[in-house]
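Colleague:
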Amino acid sequence: MEKPEVKYLKDYRPPAYWIDNTELNFDLQETNTLVKSVLNIRRNNDLSDKTIPLVLDGKNLELLFVKIDKKHLDSDKYQINSENLTIYDVPESFSLEVTTKIQPQNNTSLEGLYKAGGIFCTQCEAEGFRKITYFPDRPDVMSKYSCTITADREKYPILLSNGNLINSGMTDQNRHWAQWEDPFKKPSYLFALVAGDLVYIEDFYKTKSGRSVTLRIYVEHMNIDKCGHAMQSLKKAMKWDEDVFGLEYDLDIYMIVAVNDFNMGAMENKGLNIFNSKYVLAKPETATDIDFWNIERVIAHEYFHNWTGNRVTLKNWFQLSLKEGLTVFRDQEFSSDMTSRPVKRISDVRSLRSFQFPEDAGPMAHPVRPESYIEMDNFYTMTVYEKGAEIIRMIHRILGKQGFRKGMNLYFKRHDGQAVTTEDFVKAMEDANQADLRQFRLWYSQAGTPEISVKRAYNHKNKTYSMTFTQKCPPSPGMSEKKAMHIPVAVGLLDKAGNDMPLQLAGQDKPEGTTILLNLYKTTQTFEFVNVYEPPVPSILRGFSAPVKLRAEYTSREQAFLLANDSDEFHRWDSGQRFFAGTMINMVQGKIKNHDPDVLGAIIEPFRKTLLSTELDKAFISHVLTLPSESELGILISETAPIDPELIHQVRRFITHAIAKALKNDFERIYQDNQEKGLYNIDAESIARRSLKNLALSYLGMLETPEIIKIACNQFNKAENMTDEIAALGVLSHIQCSEREKAIDDFYQKWKSDTLVLDKWFAIQAGSQIPGIIDKIKELLNHPDFSIKNPNKVRALVSSFCGMNPWQFHHISGNGYKFMTDRILELNAINPQIAARMAGIFNHWKKYEPSRQKLMKAELEKIINTPDISRHVYEIVSKALV
Ligand code: PHE
Ligand code: ZN
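Counted the way the numbering used here counts, the sequence shown spans residues 317 to 1198.
(1) In three-state DSSP terms, what is D498?
(2) Under a Cβ-count criterion, where at least 16 other Cβ atoms within 10 Å of its own Cβ denotes burial, should L482 be classed as buried or exposed?
(3) Mind checking whether L927 and I919 have CB atoms under 8 Å apart?
(4) Quick one: what does DSSP say H939 is sitting in, helix, strand or coil?
(5) Quick check: M583 and E443, are their CB atoms within less than 8 Å of each other?
(6) Which ranges does the beta strand (DSSP E) cover as unbroken runs of at least 3 residues, wholly within the region 426-467, from first to last along the chain?
(7) Classify E612: buried if its beta carbon has 16 or more other beta carbons within 10 angstroms, exposed otherwise.
(8) Closer than 6 Å by C-beta to E687: which residues in its own chain qualify, once you throw out the five before and the five after it? Chain order, please.
(9) Work out the CA separation of G704 and P851 for me, nearest whole Å.
(10) What is the residue span of the alpha helix (DSSP H) that V1047 lies within?
(11) Look up V1198 in the DSSP assignment and say whether it is helix, strand or coil.
(12) Hey, quick one: how far does the beta strand (DSSP E) through W889 stretch, first residue to last?
(13) Taking 7 Å as the cut-off, does the CB of T699 come closer than this to any heavy atom belonging to the ligand ZN?
(14) My understanding is that D647 touches A616, with C-beta atoms under 8 Å, so please give their C-beta distance in whole angstroms.
(15) Could you give the residue range of the beta strand (DSSP E) that holds Q787?
(16) Assuming the contact rule is C-beta atoms closer than 8 Å, N1121 and G1156 should be a hit. Round their C-beta distance to whole Å, please.
(17) Any heavy atom of the ligand ZN closer than 7 Å to the Cβ of T629?
(18) Please find out if some non-hydrogen atom of the ligand PHE comes closer than 7 Å to the beta-carbon of M583.
(19) Taking the runs of the alpha helix (DSSP H) that are 4 residues or longer, which of them lie wholly in the region 708-776?
(20) Pair every Cβ in the region 720-730 with every Cβ in the region 685-700, then say whether three or more of these pairs are closer than 8 Å.
(21) Might you give, ordered along the chain, the residues of its own chain that have their beta carbon closer than 6 Å to the beta carbon of K460, omitting 5 neighbours on each side?
(22) Provide the residue(s) that pair with I403 in DSSP beta bridges, ordered along the chain.
(23) Does V805 pass the burial test, meaning 16 or more other C-beta atoms within 10 Å, or should it be called exposed?
(24) Could you have a look at G512 and say whether DSSP puts it in helix, strand or coil?
(25) Identify whether E828 lies in helix, strand or coil by the three-state DSSP scheme.
(26) Give the secondary structure of N539 by DSSP, where H, G and I count as helix, E and B as strand, and everything else as coil.
(27) Which residue comes first and which comes last in the alpha helix (DSSP H) that contains Y570?
(28) Identify whether P804 lies in helix, strand or coil by the three-state DSSP scheme.
(29) Taking the alpha helix (DSSP H) that P658 belongs to, which residues open and close that run?
(30) Just to confirm the assignment, what range does the beta strand (DSSP E) spanning M554 have?
(31) Looking at A546 and the ligand PHE, is the gap between the Cβ and the nearest heavy atom below 7 Å?
(32) Hey, V322 and E413 are a contact pair by Cβ (cut 8 Å); roughly how many whole angstroms apart?
(33) Using the C-alpha atoms, what's the distance from P791 back to E767?
(34) With a 10 Å radius around its C-beta and 16 neighbouring C-beta atoms as the bar for buried, classify L638 as buried or exposed.
(35) Any idea which residues DSSP pairs G485 with across the strands?
(36) Say yes only if the C-beta of E640 is nearer than 7 Å to one or more non-hydrogen atoms of the ligand ZN, and no if none qualify.
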């Protein structure tokens, strides 16, 4: 293909025209949809050039009419090509009427207006509005919208758009219409429309200033009994945002619609969120504890966008993290307050390291505020979202809770109703606190994960302890030299008994607390503690105070000590993980022998202690005892050596098996002691108990004995909630036995009419550790309930295979790779966004041993040499090949 155009931040120019009002009219029909738009347009007089033509974005549109101030425009007055409608010599202010024809029923990209499962719905972020009508489809053009929808009354009884319902009626016997108006100005990416045969549950929320808001969740008929948890989550989120940030909802109605076909998790359209049904629908029989948590988190995330994203929006797409980083930070804080702060932190850091760190070290590495892109859809990344949230968290830590709140207040005071930049946000934080974040801003512009090494020295004579930090950041694509960053590192010191020491830096006249925030500014920087009564063990990067790789060179003894004693639960977990990972990596690299009883003993003892602890929280225990996954081990190994997925698989399997064997009786006891007592509940304590019980079951499953198979079958057959049912099925799925086949069949028979539960059924099979599972997966592609057009199904069957089954995906035959390429090419024609996501699986090919490298490279070349490759896939694959 010819090289697609690259867009650069440095080329940003303000829009030449403003759109004050946007009046949309949709006539939804079965074979096509007519869209009429009337725009009130006004030239941007801040620009000196008054002759710039009006250029509107538009894609896959059939243009029917253009009128200016109600008069038809001759075709020599405008030009259309595949991306734009350009109109020359327009007046300074005028009304433009454009009528276009589109085919939502054929739109498989799930972007723009599309019809899936009999429901019409829209997805406009980032640049989907241009697939609906001609418009300046950029976030700094904010307009007031009204929207009239006309459709068949029987097929589409529910007609929704943003804002308030103004009017509705019948056009004839069969067709009805509804008119919606959104009083708030917004960019086109926040526009939404839904039409379908839906039902809803309704509730109310009274805001702190006393207004009553109607809350509605719209779903398909059969799902009406699965909305309660989402509604409760919404109300909690509304209350939390009032309590923590003083932010209130601003419309009289808040609507959420659940659809099955959706590219992402959910979308924050003003007053009308559209959700992947996965993040709405739940009841104990069909959803796991993790599903319940995810729903609470995503419902809150989209709700929080109403202020961070909608009221204050983006000047251009390079600023995406302004809304996403900040909103992820807000949803993380919300979840921490609703569940357990340390456990939430642990799982967030686990995913940051598993996905964002590799991204930041690979061919797609980009700053949190990217400088360029080919396809914006490819920049909804872990870096923009999660590293972006880490930046906000560091600011929060540096300024403190109150300072941060002051900054937020100033940010809204200055920018409510505006389209702004990450710079505006940082400036508000600075100004509200008289703080200096000049060097800190590098976090937005420098890609790559900084690495910190620490040298420590205790001086017996003076009772001083010094820590010397050195930071460096490896080169990234297009950025070889990096400047030293401002890195906040939270540190504590433990004495021999495992207690926190009071901390006093040289120059301070008395100790201040037991955790201190050290601010690194220079490449190398030394801190000296005084009155340190004995040689300490340092606890460095408590709470993961900065998204960096720490090379602290702890001995395994120190790690075990920190696992047993650190008062910072995050660091305690982290020390345990490093300890377990260290041993396994040494085995993979042949530095220690598998069967050395001392080695096993060294792992099993701290493991047993943690397992049997009566004082630790059970959720925390489950996290500590979840050994680093094969992919996590691969990432750690790749820092110094090539990855061999087969070897890693063998070692990890050996270790988990050895643990299971050694602690069989303990696991059995834990399993029994943590059975459900009384009614099923989704409070944090019950969830923790179930997670520990099912962790014990999964270790026992490693033994593959008839006795264990019986226990798992029993749990599977008796389970009254999905958490236990799927956990038992998961254990059976890895064991070759007739019970396995029966359980898989039974599960299908029981749940075949619930598409979300079937996603779990596909995923469990894709993750099965039974050798040769790829043949089964290929067979499942033809299963009547699988559809390549449904992103959830693709993620369940295809992505789970790569993610949950790395050793089979990376099988040396190359069959896993070929399978993936076939899916990418198939999806390329259907849904380029999803195809590009899938293609990212090859991003880290250079980290593998030579034969796999060669195989993956060949697949990348095959993809890029395929005719009609989309811009989305092209961007990912061409960068991977550099
Ligand atoms: N803005 C959505 C969110 O993070 C994500 C999204 C992006 C959804 C693009 C659809 C398309 O909340
Ligand atoms: Zn978001």
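The beta-carbon is built from N, C-alpha and C at its ideal position, and this holds for glycine as well.
Modeller: On the basis of the data shown:
(1) The residue given as residue 498 occupies position 182 in the sequence shown. Three-state DSSP puts D498 in a strand.
(2) On the sequence shown, residue 482 is found 166 positions in, with the first residue counted as 1. One detail in the question is off: residue 482 reads as Ile in this sequence, not Leu. Exposed.
(3) Reading the sequence shown from its first residue, position 611 is the one you call residue 927. Reading the sequence shown from its first residue, position 603 is the one you call residue 919. No, these two residues do not count as a Cβ contact at 8 Å.
(4) Counted from its first residue, the sequence shown places residue 939 at position 623. If DSSP states are grouped into helix, strand and coil, H939 belongs with the helices.
(5) To locate residue 583, count along the sequence shown from 1; it is residue 267. To locate residue 443, count along the sequence shown from 1; it is residue 127. No, they are not a contact pair.
(6) 428-432, 435-439
(7) In the sequence shown, residue 612 corresponds to position 296, counting from 1. Flag for E612 reads buried.
(8) As a first step, residue 687 is located in the sequence shown; it is residue number 371 there, counting from the start. The answer, listed in chain order, is L325.
(9) Working through the sequence shown from its first residue, we reach residue 851 at position 535. Working through the sequence shown from its first residue, we reach residue 704 at position 388. If I take the Cα positions, the gap works out to 37 Å.
(10) Reading the sequence shown from its first residue, position 731 is the one you call residue 1047. It spans 1038-1049 - the alpha helix (DSSP H) in which V1047 sits, taken as one unbroken run.
(11) Indexing the sequence shown from 1 puts residue 1198 at position 882. In the structure shown, V1198 falls within a coil segment according to DSSP collapsed to helix, strand and coil.
(12) Working through the sequence shown from its first residue, we reach residue 889 at position 573. Premise fails: W889 lies in the alpha helix (DSSP H), 885-904, not in any beta strand (DSSP E).
(13) Position 383 of the sequence shown holds residue 699. No, Cβ of T699 sits at least 7 Å from all heavy atoms of the ligand ZN.
(14) Indexing the sequence shown from 1 puts residue 647 at position 331. Indexing the sequence shown from 1 puts residue 616 at position 300. Yes, they are in contact, since the Cβ atoms of D647 and A616 sit about 5 Å apart, within 8 Å.
(15) The residue given as residue 787 occupies position 471 in the sequence shown. Start and end: 780-788.
(16) Position 805 of the sequence shown, counted from the first residue, corresponds to residue 1121. Position 840 of the sequence shown, counted from the first residue, corresponds to residue 1156. Between N1121 and G1156, the beta carbon gap of about 17 Å keeps them out of contact (Cβ cut-off 8 Å).
(17) In the sequence shown, counting from the first residue as 1, residue 629 sits at position 313. Not so, every heavy atom of the ligand ZN lies at least 7 Å from the Cβ.
(18) In the sequence shown, residue 583 corresponds to position 267, counting from 1. Checking the Cβ of M583 against the ligand PHE gives yes.
(19) 738-749, 758-761
(20) no
(21) By 1-based counting over the sequence shown, the position of residue 460 is 144. Hits under 6 Å: N337, K501.
(22) If you number the sequence shown from 1, residue 403 lands on position 87. DSSP lists L370, Y394 as partners of I403.
(23) Here residue 805 refers to the residue found at position 489 of the sequence shown. Per the 10 Å Cβ criterion, buried.
(24) Within the sequence shown, residue 512 is the residue found at index 196, counting from 1. Correct three-state label for G512: strand.
(25) The residue given as residue 828 occupies position 512 in the sequence shown. Residue state, collapsed to three classes: coil.
(26) Here residue 539 corresponds to residue number 223 of the sequence shown, with the count starting at 1. The answer is helix: DSSP assigns N539 an H, G or I state.
(27) Numbered from 1 along the sequence shown, position 254 holds the residue referred to as residue 570. DSSP places Y570 outside any alpha helix (DSSP H); the residue lies instead in the beta strand (DSSP E), whose first and last residues are 569-575.
(28) The residue given as residue 804 occupies position 488 in the sequence shown. Three-state DSSP puts P804 in a strand.
(29) Here residue 658 corresponds to residue number 342 of the sequence shown, with the count starting at 1. Start and end: 657-667.
(30) The sequence position of residue 554 within the sequence shown is 238, counting from 1. Segment 544-561 is the alpha helix (DSSP H) holding M554; no beta strand (DSSP E) there.
(31) Taking the first residue of the sequence shown as position 1, residue 546 is located at position 230. Between the ligand PHE and the CB of A546, the shortest heavy atom gap is not smaller than 7 Å.
(32) Here residue 322 corresponds to residue number 6 of the sequence shown, with the count starting at 1. Here residue 413 corresponds to residue number 97 of the sequence shown, with the count starting at 1. Actually they do not touch by this definition, with Cβ atoms about 34 Å apart.
(33) By 1-based counting over the sequence shown, the position of residue 767 is 451. By 1-based counting over the sequence shown, the position of residue 791 is 475. Going by the C-alpha atoms only, they are around 12 Å apart.
(34) Along the sequence shown, read from residue 1 onward, the residue named residue 638 stands at position 322. So L638 counts as buried.
(35) By 1-based counting over the sequence shown, the position of residue 485 is 169. Answer by DSSP bridge pairing, in chain order: W493.
(36) Here residue 640 refers to the residue found at position 324 when the sequence shown is read from its first residue. Answer for E640: yes, Cβ within range of the ligand ZN.
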